[in-house]
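Okay, structure coming up:
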C-alpha cells in the first residue's frame, strides 16, 4: 500500500488487522523522533493494548510495563485485570 508520507507512517500489525498511524514531525518533532527510534529498536513488539473502547479508541505503547514476556510485564498495570 502506498502512503502519503512513508517516512512518517507507522503500521501496527495486530491480530485484528493493521492500524496505520500518520506522524506529524512539524507539530511534534521530538515526540515523532522518539517514537521512530523506539519502533526501529522493536520496543513496541509484543506490547499489549491496555485500553480499548469499541468504535472509539484504543491505547497502547507502554514499552516498560506492557510488553508480554518482558521482565517488567505487569498484567494489572497493562489493564489485564488483577489488583
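In full-length UniProt numbering, the protein residues as written are 1 to 83. Even for Gly, the Cβ is constructed at its ideal location relative to N, Cα and C. Note that the structure is predicted; figures quoted are calculated from it, not measured.
Under DSSP, the beta-bridge partners assigned to residue 21 are 10. DSSP places residue 33 in the uninterrupted alpha helix (DSSP H) bounded by 29-41.
Between the alpha carbons of residue 17 and residue 1 lies a distance of about 14 Å. Setting aside the 5 residues that flank it on each side, residue 19 is surrounded in the same chain by 12, each with a C-beta closer than 6 Å to its C-beta; the list follows chain order. Nearest neighbour of residue 60 by Cα position, chosen from 21, 30, 40 and 27, turns out to be 21.
Residue 60: member of the beta strand (DSSP E) spanning 57-60, first to last residue. Each residue's CA atom was taken as its position, placing residue 63 and residue 30 some 18 Å apart. Excluding sequence positions up to five before and after residue 52, its CB lies within less than 7 Å of the CB of 58, all in the same chain and listed in chain order.
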